[in-house]
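Written below as structure tokens is the structure these notes are about.
Number of protein chains: 2
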Amino acid sequence: MADMRDKTLEEWMAERKAWVETALAEDILPRPDERPAALSAAMRHAVEAGGKRIRPVLCMGCAEAAGGSAADALFPACAIELLHSYTLVHDDLPEMDCDEYRRGRLSVWAKFGRAAAVLAGDALQALAFRTLAHTPEKRCGTLARLVAAFGEAGTGVVRGQVEDIAAGAGPSRDVVDFVFEHKTGDLFRAACLAGAIAAGAGDGVQDALARFGLSLGLAFQIEDDLIDAAGGEPAPGELSCLRVMDEPAARAWIDSATAAAAAALEGLPGPVEHLRGLARALAARRT
Amino acid sequence: MADMRDKTLEEWMAERKAWVETALAEDILPRPDERPAALSAAMRHAVEAGGKRIRPVLCMGCAEAAGGSAADALFPACAIELLHSYTLVHDDLPEMDCDEYRRGRLSVWAKFGRAAAVLAGDALQALAFRTLAHTPEKRCGTLARLVAAFGEAGTGVVRGQVEDIAAGAGPSRDVVDFVFEHKTGDLFRAACLAGAIAAGAGDGVQDALARFGLSLGLAFQIEDDLIDAAGGEPAPGELSCLRVMDEPAARAWIDSATAAAAAALEGLPGPVEHLRGLARALAARRT
Numbered sequence: 068m069a070d071m072r073d074k075t076l077e078e079w080m081a082e083r084k085a086w087v088e089t090a091l092a093e094d095i096l097p098r099p100d101e102r103p104a105a106l107s108a109a110m111r112h113a114v115e116a117g118g119k120r121i122r123p124v125l126c127m128g129c130a131e132a133a134g135g136s137a138a139d140a141l142f143p144a145c146a147i148e149l150l151h152s153y154t155l156v157h158d159d160l161p162e163m164d165c166d167e168y169r170r171g172r173l174s175v176w177a178k179f180g181r182a183a184a185v186l187a188g189d190a191l192q193a194l195a196f197r198t199l200a201h202t203p204e205k206r207c208g209t210l211a212r213l214v215a216a217f218g219e220a221g222t223g224v225v226r227g228q229v230e231d232i233a234a235g236a237g238p239s240r241d242v243v244d245f246v247f248e249h250k251t252g253d254l255f256r257a258a259c260l261a262g263a264i265a266a267g268a269g270d271g272v273q274d275a276l277a278r279f280g281l282s283l284g285l286a287f288q289i290e291d292d293l294i295d296a297a298g299g300e301p302a303p304g305e306l307s308c309l310r311v312m313d314e315p316a317a318r319a320w321i322d323s324a325t326a327a328a329a330a331a332l333e334g335l336p337g338p339v340e341h342l343r344g345l346a347r348a349l350a351a352r353r354t
Numbered sequence: 068m069a070d071m072r073d074k075t076l077e078e079w080m081a082e083r084k085a086w087v088e089t090a091l092a093e094d095i096l097p098r099p100d101e102r103p104a105a106l107s108a109a110m111r112h113a114v115e116a117g118g119k120r121i122r123p124v125l126c127m128g129c130a131e132a133a134g135g136s137a138a139d140a141l142f143p144a145c146a147i148e149l150l151h152s153y154t155l156v157h158d159d160l161p162e163m164d165c166d167e168y169r170r171g172r173l174s175v176w177a178k179f180g181r182a183a184a185v186l187a188g189d190a191l192q193a194l195a196f197r198t199l200a201h202t203p204e205k206r207c208g209t210l211a212r213l214v215a216a217f218g219e220a221g222t223g224v225v226r227g228q229v230e231d232i233a234a235g236a237g238p239s240r241d242v243v244d245f246v247f248e249h250k251t252g253d254l255f256r257a258a259c260l261a262g263a264i265a266a267g268a269g270d271g272v273q274d275a276l277a278r279f280g281l282s283l284g285l286a287f288q289i290e291d292d293l294i295d296a297a298g299g300e301p302a303p304g305e306l307s308c309l310r311v312m313d314e315p316a317a318r319a320w321i322d323s324a325t326a327a328a329a330a331a332l333e334g335l336p337g338p339v340e341h342l343r344g345l346a347r348a349l350a351a352r353r354t
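Going down the list, the protein sequences come from chains E and D. With the numbering used here applied, the first sequence covers 68 to 354. With the numbering used here applied, the second sequence covers 68 to 354.
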């Protein structure tokens, strides 16, 4: 691997995104002709919808920041994307957000039916853990920590979603904090923690990168709310931090979370320039 | 632990069932006041519905047959029951089997709503893997094999369910074989294989107990179809082996699967009397 500092942030991200997408499409997702073909198609549709693949890029970047390589974290990176994908498939269901489209394509339930969407999501979650089991263990006990981190994120993301649905358009500040920490933060935290664990990092580095991930997830979610409202009001029925604070307060919150993320990167054994750049780019994104 | 041969099959099963139920209720499931309480309640409702806990009993029994102790397999046993429970919660959903009742109580969706049932099932699957991560490793690499076995069962059970729904009341023999192997067999197989792995067994013993579990699951499912039809026809729309064979052929199939299960127990390092008895009892059950 060439010196990563030679690459722009965009090149560095694109490279890791391509590694994850190739591994998912060629080695991890069921082949299109695997029986039952309808399940393979629904699972592939869910994962191939694309996006920036921020969580797996973070996972590999954190392995590098912990002194390992991106390759150390390839399986956890793919696993976190599978876990994230399953949550989107289930969130889109008619009984949840009832979204017919995701990133300009039909959502899984709209294309394949409701039962298929429940089942494809279920299979994606199982496949996430199955993929995690392929992670090479640098030390005995590494996989137990990885599975625990993913299991905690897997239950946490559901806890956040349940509170989100229950609160709807009338959240208290406390509910916003809980939903952001769990629905969004837990997956970002697990992505970064998993990168550190897969790289063979000790407890201190693991804790620092977990904090980095959680802070970054928080900034990402606040920014998401600002983008969704696009200068106006949150969409009807949607939980948004703008229901409990104004836009300047939300921007200040992003800044403090981004600063906390940057602080967590101090003193790590590997290169952190691109993670720092990614944190800045997420805080400044407008789409 | 007293010599297990002093116990009747019923005592031996009841003891293991109690261990699993106590661990699930007291240490593994979220406390009733864990936030959000509605999610904890739905998860507990799903798991506390009861039943014979055959899969976890098999898991612990296979650890013993492999030369280890039931305690070695306590976490995998709880994990397999969580995995099984989540599949029931999702199978009962209106978009799948639309069952309002399970074992005489309201099903999770009927009591807590459809969104809550999707999410409680999702959280139970994550909790299954999180629980698995607590298994003490007798050798380095044990957990990777456990997670792989559970991940394979987790995707397999969905593959079986998708074929089941697609075939409905008009399955071919080939579809019946596929659905039985995956929808039912994969969880029985994983339960038994996980017991062997957790006990620290080598490949030969692992393979034998995996075969035992798969054969037993097959016999269990055929027997289930016979019980559901209760001397008459299968319920409308239900996949059943009785759609592709008559009752004597189904009984002969149970006998050959039970014989294969018994053969797989030959030459194991630990006691197998109760597993043998359990296989006989399952083949002869009428409820």
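All C-beta atoms in this analysis are idealised placements derived from N, C-alpha and C, irrespective of residue type, glycine included. For clarity, every value in this text was computed on a predicted model and none was experimentally measured.
Distance between residue j and residue i (C-alpha atoms, nearest Å)
i: R343(E); j: A329(E); result: 6 Å
i: M163(D); j: D231(D); result: 10 Å
i: A268(E); j: L283(D); result: 43 Å
i: E219(D); j: P315(E); result: 48 Å
i: G118(E); j: R278(D); result: 42 Å
i: E358(E); j: L309(E); result: Shown here, chain E extends from 68 to 354; a query on residue 358(E) therefore has no answer.
i: E340(E); j: D73(E); result: 11 Å
i: A257(E); j: V311(D); result: 48 Å
i: G337(D); j: A130(D); result: 8 Å
i: S152(E); j: A211(E); result: 23 Å
i: A266(D); j: R347(E); result: 49 Å
i: L276(E); j: A326(E); result: 14 Å
i: F245(D); j: I121(D); result: 22 Å
i: G334(D); j: R172(E); result: 56 Å
i: F287(E); j: D270(E); result: 25 Å
i: L345(D); j: I321(D); result: 14 Å
i: V272(D); j: C259(D); result: 11 Å
i: A216(E); j: M127(E); result: 16 Å
i: G252(E); j: A85(D); result: 37 Å
i: L285(E); j: H249(E); result: 10 Å
Under 9 Å from the C-beta of residue i: neighbouring residues of chain D
i: V246(E); result: Here the premise fails: no neighbours, minimum Cβ distance about 10 Å.
i: A193(E); result: L150, Q192, F196, F217, G218, E219, A220, G221, T222, G223, V224 and V225
Where residue i falls, given that 16 or more other Cβ within 10 Å makes a residue buried
i: D159(D); result: buried
i: E355(E); result: What is shown of chain E runs 68 to 354, which leaves residue 355(E) out entirely.
i: E78(D); result: exposed
i: K205(E); result: exposed
i: I294(D); result: exposed
i: D133(D); result: Inspection of the sequence shows that residue 133(D) is occupied by Ala rather than by Asp. Counting Cβ neighbours within 10 Å, A133(D) comes out buried, since at least 16 surround it.
i: S323(D); result: exposed
i: R169(D); result: buried
i: G135(E); result: buried
i: E290(D); result: buried
i: P303(D); result: exposed
i: P238(E); result: buried
i: G262(E); result: buried
i: A297(E); result: exposed
i: C145(D); result: buried
i: P99(E); result: exposed
i: A184(E); result: buried
Cross-chain neighbours of residue i in chain E, by beta carbon under 9 Å
i: C207(D); result: E204, R206, C207 and G208
i: M312(D); result: Ordered by position in chain E, no residue passes the 9 Å Cβ test against M312(D), which lies about 22 Å from the chain.
Assumed close pair residue i, residue j - CB separation to whole angstroms, cut-off 8 Å
i: R181(D); j: P161(D); result: 6 Å
i: V156(D); j: A113(D); result: 5 Å
i: L186(D); j: V229(E); result: 6 Å
i: G221(E); j: A193(D); result: 3 Å
i: L125(D); j: T198(D); result: Not really, about 17 Å apart at Cβ, beyond 8 Å.
i: A109(E); j: F179(E); result: 5 Å
i: A317(E); j: D292(E); result: 7 Å
i: I95(E); j: P123(E); result: Not quite, the Cβ-Cβ distance comes to about 12 Å (not below 8 Å), so this is no contact.
i: A234(E); j: V224(E); result: A234(E) to V224(E), Cβ: 16 Å. No contact.
Cross-chain neighbours of residue i in chain D, by beta carbon under 7 Å
i: R111(E); result: Those within 7 Å of R111(E) in chain D number zero; the least Cβ separation is about 14 Å.
i: H157(E); result: V185 and D189
i: R353(E); result: Those do not exist, as R353(E) stays about 31 Å from chain D at its closest Cβ, beyond 7 Å.
i: L160(E); result: V185
i: L199(E); result: V214
Neighbouring residues, chain E, relative to residue i (Cβ below 8 Å)
i: F196(D); result: F196, V214, F217, G218 and G221
i: V229(D); result: P103, A105, L106, A183 and L186
Under 7 Å from the C-beta of residue i: neighbouring residues of chain E
i: I232(D); result: A182
Next item on the list: Pick out the complete alpha helix (DSSP H) segments inside the region 95 to 141 of chain E, 4 residues or longer, and give them in chain order.
Entry: 104 to 115 and 121 to 132
Item checked: Runs of beta strand (DSSP E) wholly within the region 231 to 271 of chain E (minimum 3 residues, chain order) -> none
Note to self: If we require 4 or more residues per run, which alpha helix (DSSP H) segments fall completely within the region 294 to 353 of chain E?
What the structure shows: 314 to 331 and 340 to 351
Check: Taking only runs of the alpha helix (DSSP H) that begin and end inside the region 156 to 183 of chain E, which ones reach a length of at least 4 residues, in chain order?
Finding: 175 to 179
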